[in-house]
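In our numbering, the protein residues as written are 26 to 206.
Down below is the structure, laid out as structure tokens.
In structure tokens form, the structure reads like this:
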């Protein structure tokens with residue numbers, strides 16, 4: 026139940042998956058809006074929330090990766106080879122982006138002259154000095170990596186919906202990550 030089986034990722038992996046997915050969706054929507062907002066106290070508050078959620082995503086992704094190494098994985102024996110290859114590629118890109126974007130957000134924060142707070146509980150030691158020229162570049166990088174994450178996230182979601190509704194989940198891909206039996 027908690028661990029994976031031949032046909033399911035298990036409850037813990039499912040919780041990680043869906044919580045991270047919801048948080049990433051919120052971050053993407055909030056981040057794109059933040060990119061176009063004029064500076065104000067409201068934007069500053071949204072940025073603080075954005076940072077807290079970003080640090081939460083980073084922590085959850087690391088915990089999920091640790092769990093993934095100890096958890097049994099469903100079998101791919103009946104899944105077409107190209108589905109497995111493309112799925113692994115998309116997952117690797119998602120993991121890289123979900124780790125890189127929060128780290129890049131930390132660099133953005135430091136170059137902007139601010140402290141990096143983890144979950145709003147404690148500040149990390151400053152690893153980069155304030156540099157407003159780099160800040161503008163990091164802000165643009167952060168935005169474009171978020172767009173790449175949006176694109177990759179959309180591919181992942183589309184593939185899941187394809188398996189569920191178009192392919193009738195004949196390979197059990199949707200069922201593996203679903204809470205319904």
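For each residue, glycine too, the CB sits at the ideal point set by N, CA and C.
Q) Could you check where the alpha helix (DSSP H) with residue 41 kicks off and where it finishes? A) It spans 36-61 - the alpha helix (DSSP H) in which residue 41 sits, taken as one unbroken run.
Q) Would residue 128 pass as a contact of residue 83 if the rule is Cβ separation under 9 Å? A) Yes, Cβ-Cβ distance for residue 128 and residue 83 is below 9 Å.
Q. So what does DSSP say about residue 32, is it helix, strand or coil?
A. Note: residue 32 maps to coil in three-state DSSP.
Q) Taking just the CA atoms, how far does residue 142 sit from residue 164? A) If you take the alpha carbons of residue 164 and residue 142, they lie about 18 Å apart.
Q. How long is the line joining the alpha carbons of residue 132 and residue 58, rounded to whole angstroms?
A. Each residue's CA atom was taken as its position, placing residue 132 and residue 58 some 20 Å apart.
Q) Under three-state DSSP, which class holds residue 22? A) For the chain, the structure presents residues 26 to 206; residue 22 sits outside this window and is missing.
Q: Report, in whole angstroms, the separation of the C-beta atoms of residue 130 and residue 76, which I expect to be a contact under 8 Å.
A: Confirmed, about 7 Å.
(Q) Going by DSSP, what residue range makes up the alpha helix (DSSP H) through residue 202? (A) Counted as a single uninterrupted DSSP element, the alpha helix (DSSP H) harbouring residue 202 occupies residues 198-202.
**Q.** residue 180 versus residue 188 - alpha carbon distance
**A.** Cα-Cα distance, rounded: 12 Å.
Q. Buried or exposed: where does residue 26 fall if 16 or more other Cβ atoms within 10 Å of its Cβ makes it buried?
A. When all chains shown are included, residue 26 counts as exposed.
(Q) Using a Cβ-Cβ cutoff of less than 6 Å, which residues in the same chain neighbour residue 42 once the five nearest sequence positions on both sides are dropped? (A) Within the same chain, residue 42 has close Cβ partners 202.
Q: Could you tell me the distance, in whole angstroms, from the CA atom of residue 140 to the CA atom of residue 105?
A: One C-alpha to the other measures close to 48 Å.
Q. Exposed or buried, which one is residue 177 when buried takes at least 16 other CB atoms within 10 Å?
A. By the neighbour-count rule (16 or more Cβ atoms within 10 Å), residue 177 is buried.
Q | alpha helix (DSSP H) segments (min. 4 residues) lying fully within the segment 103-164 | A | Those alpha helix (DSSP H) runs which fall completely within the segment 103-164 and span 4+ residues are 106-136.
Q.
What does the Cβ neighbour count give for residue 111, buried or exposed, with the cut at 16 atoms within 10 Å?
A. Classification for residue 111: exposed.
Q. Is the Cβ-Cβ distance between residue 167 and residue 29 less than 9 Å?
A. Going by C-beta atoms, residue 167 is not nearer than 9 Å to residue 29.
Q. Short check: CB of residue 31 to CB of residue 80, under 9 Å?
A. In this structure, residue 31 keeps its C-beta atom at 9 Å or more from the C-beta atom of residue 80.
Q.
Counting C-beta neighbours from all protein chains within 10 Å, is the total for residue 123 16 or more, i.e. buried, or is it exposed?
A. Residue 123 is buried by the Cβ-count criterion.
Q) So the alpha helix (DSSP H) residue 67 belongs to, where does it begin and stop? A) For residue 67, the uninterrupted alpha helix (DSSP H) run begins and ends at 66-95, by DSSP.
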